[in-house]
Each structure stands twice: as C-alpha cells, then as structure tokens.
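Student: Following our numbering, the numbering of the sequence shown begins with 587 at its first residue and continues without gaps.
Even for Gly, the Cβ is constructed at its ideal location relative to N, Cα and C.
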Amino acid sequence: MKSHKNPIPTVDIIIEVPKKGEEEGIILIERKNPPYGWAIPGGFVDYGESLEQAAVREAKEETSLDVQLQRQLHTYSDPYRDPRQHTISTVYTATAKGRPKAKDDAQDIGIFTEEEITFPLAFDHRDILEDYFQTKRNKI
587 MKSHKNPIPT VDIIIEVPKK GEEEGIILIE RKNPPYGWAI PGGFVDYGES
637 LEQAAVREAK EETSLDVQLQ RQLHTYSDPY RDPRQHTIST VYTATAKGRP
687 KAKDDAQDIG IFTEEEITFP LAFDHRDILE DYFQTKRNKI
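Given below as structure tokens:
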C-alpha cells in the first residue's frame, strides 16, 4: 500500500505590543533550536487542537504572554518555507499586555518596529512581515 504524506500544520503569531510611549512594535524571538535566527513566535498544531488554540498556546509558551487573537492574516504553504519539512502556516495577528519573556524554544526576545527589522529572519518570516506591514499601511 502506498503511503500518503501531508504537510504539517503550524501557526505563527504576530503579537502587537506597545514599545515606548505611543509606538507599537511586534515581538520576535531568537530561536534556540535549528533553524536558528530571529522569527515570529509560533509552532506546530497539536492533534485535537484548533489553529486558534495552537496560536494562543504557542504565544504563551514562547513569550509568557496571554494574547488576544485579532484576525487571521494569511496562510503560507510554500513547500520550502521550512528547511526541516513541508509545513503550512496560518498566521494570526494578536495583541498582548505586559513584558514578554523568552521561554520554551526562544533563547531571546525583543520588541521591534518595522524599521528596526533589518536583520535576517528564519523561515519565510520576512515575506510574512512584509505582507503584515503592507496590510497595516493600507488601513491607515
């Protein structure tokens, strides 16, 4: 019998938080596991879990924050977006209050504005953030 393989579902969460004063930033984590680099918080969807539940859980695991999901941004499915395996990621935007702390798969964490993200990002997260910031600009 021929085996059938499916892509692995994942979620990424663009968490909007106040940076200083009135300025808003987003949270990025520095991954402690390969592939290394800065990334949007996220991870794999567990069996029996909705995408929304996975997004809230992954945000809490990696940033220590309780998030409120705002909307689904887009789903990204390029078979080469993750060098480890074929994944499909549904990306959410969320808000949170408090100071993030790096936990779980995150070795460091930061709050960044669009202008400050001049460094390489893991996976296809540069493309995701370009879509996110373009959407934000179109709403203004």
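(1) Counting beta carbon pairs with one atom in the region 642-651 and one in the region 664-676, are three or more of them shorter than 8 Å?
(2) Mapping DSSP to helix, strand and coil, what is Thr704?
(3) Of all the options Arg643, Ala641, Pro686 and Ser663, which has the alpha carbon lying nearest to the alpha carbon of Val603?
(4) Which residue's Cα is closest to the Cα of Ile615: Ser663, Ser589 and Phe709?
(5) Between the C-alpha atoms of Ile594 and Ala680, what's the straight-line distance to the nearest angstrom?
(6) Leaving out five residues before and five after Lys605 in sequence, what residues of the same chain have Cβ atoms less than 6 Å from its Cβ?
Tutor: Let me spell this out:
(1) The region 664-676, when compared against the region 642-651, does not touch it at the 8 Å Cβ threshold.
(2) Correct three-state label for Thr704: coil.
(3) For Val603, the closest of Arg643, Ala641, Pro686 and Ser663 by C-alpha to C-alpha distance is Pro686.
(4) Residue Phe709 is the option with its Cα nearest to Ile615.
(5) Spanning the two alpha carbons is a distance of roughly 22 Å.
(6) So the list reads Gly611 and Ile697, once near-sequence residues are dropped.
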